[in-house]
Amino acid sequence: EQEFKTEEILLAPGKTANTKDLNLQVAGVEIDERLAIKVNEYQKTSQDHIFAVGDVTNQKLRLETTAGREGTLAAKNALTGNRDSINYWQVPYAVFTYPAVAGIGMTDAEVIESGGKCSCNTVAFSKVPKAGAIKDTRGVIKMVINAENRKILGIHMVAPEAADIINQGIYILKGEMTVDDVIDSLPVFPTLSESIKIAALSFTKDITKLSCCI
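So this is what it looks like as structure tokens:
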């Protein structure tokens, strides 16, 4: 049991889609328990000729970035018959707290739930040289990998500038990079974004004994 002192508590149980006045039942468009419009990966609703995008849908991520892309794909799919979709596992998210929260890809729980075998390491931001230099070592970074082929499946963090750092994860996941691929990279030293390489290194060695620029 742990005790935390705080000034305010933010409760974020989720949101209800603002679809109540659209009379979707008249069009035969199905919604879920949060009034979100049910769509498939191509943004198509339960009616083949009706597409929906953005915060009113039940997609995995409801972000400004995904809403814009969903709109483009929905238009193409509706007008051309294409079957284009977004891989939401390759889309980063961030919460602009201080320090920030950010992530991309699968958590260890999601990997296990999907039947996969994973390995994950968590590294304190105090191990990142730049964090020490700017005297802000609050936070951690967690990397989730496939235990068999060492491909990186997810990166999750609470840290200063996490929203900027996590963008590296787009290319890591889209490129299906392994821990060894990241270790083989040479990021600028000292930087906060170097934390991703340090997290990768934690799978192969004791990072408390690292010198700089490894």
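Taken in order, the sequence shown gives residues -15 to 198; the numbers are from our numbering.
Positions of the beta carbon are idealized from the N, C-alpha and C atoms, including for glycine.
Alpha-carbon spacing of residue 54 relative to residue -15, whole angstroms: Taken atom to atom, the span from the alpha-carbon of residue 54 to that of residue -15 is near 43 Å.
Under the three-state DSSP convention, the category residue 38 falls into: Shown here, residue 38 sits in a helix according to DSSP, grouped into three states.
8 Å contact criterion, which residue 77 and residue 87 should meet: CB distance rounded: Between the beta-carbon of residue 77 and that of residue 87 there is about 6 Å, and that keeps the pair under the 8 Å contact cut.
Complete runs of the alpha helix (DSSP H) confined to the stretch 133 to 194 [at least 4 residues]: If you keep only unbroken alpha helix (DSSP H) runs of at least 4 residues inside the stretch 133 to 194, you get 146 to 149, 152 to 158, 163 to 167, 179 to 185.
For residue 117, the nearest candidate out of 155, 174, 124, 193 (CA to CA): Out of 155, 174, 124, 193, 174 has the C-alpha closest to the C-alpha of residue 117.
Nearest-angstrom beta carbon gap, residue 20 and residue 37 [assumed within contact, 8 Å]: For a cut-off of 8 Å, the C-beta gap from residue 37 to residue 20 is around 12 Å, too long to register as a contact.
Sequence-distant residues of the same chain with beta carbon closer than 6 Å to residue 69, five excluded per side: Counting only Cβ-Cβ distances below 6 Å, and skipping sequence neighbours, we find 25, 26.
Three or more C-beta pairs below 8 Å linking the stretch 128 to 136 and the stretch 87 to 102: Contact between the stretch 128 to 136 and the stretch 87 to 102 is present, because at least three Cβ pairs lie under 8 Å.
Member of 142, 123, -2, 89 whose CA lies at the smallest distance from the CA of residue 160: Nearest C-alpha to residue 160: 89.
Residue from 10, 4, 11, 170 with nearest C-alpha to residue 17: Closest option to residue 17, Cα to Cα, is 4.
Contact belief for residue 58 with residue 147 at Cβ below 8 Å, rounded distance in angstroms: Wrong, their Cβ atoms sit about 27 Å apart, outside the cutoff.
Which listed residue (163, 143, 126) has its alpha carbon closest to that of residue 92: When only C-alpha atoms are compared, the closest one is 126.
Contact check, residue 191 vs residue 182, beta carbons under 8 Å: One thing to note: residue 191 has its Cβ within 8 Å of the Cβ of residue 182.
Backbone CA spacing between residue 104 and residue 144 [nearest angstrom]: Roughly 21 Å between the two C-alpha positions.
Own chain residues within Cβ distance below 7 Å of residue 13, not counting five before or after: Cβ within range, chain order: 21, 29, 30, 31, 34.
Terminal residues of the alpha helix (DSSP H) in which residue 117 lies: Segment 113 to 117, the alpha helix (DSSP H) holding residue 117.
Nearest candidate by alpha-carbon position, reference residue 108, set 8, 56, 184: Comparing Cα-Cα distances from residue 108 to each of 8, 56, 184, the minimum goes to 184.
Length of the line joining the Cα atoms of residue 167 and residue 44: Residue 167 and residue 44: Cα-Cα distance of roughly 30 Å.
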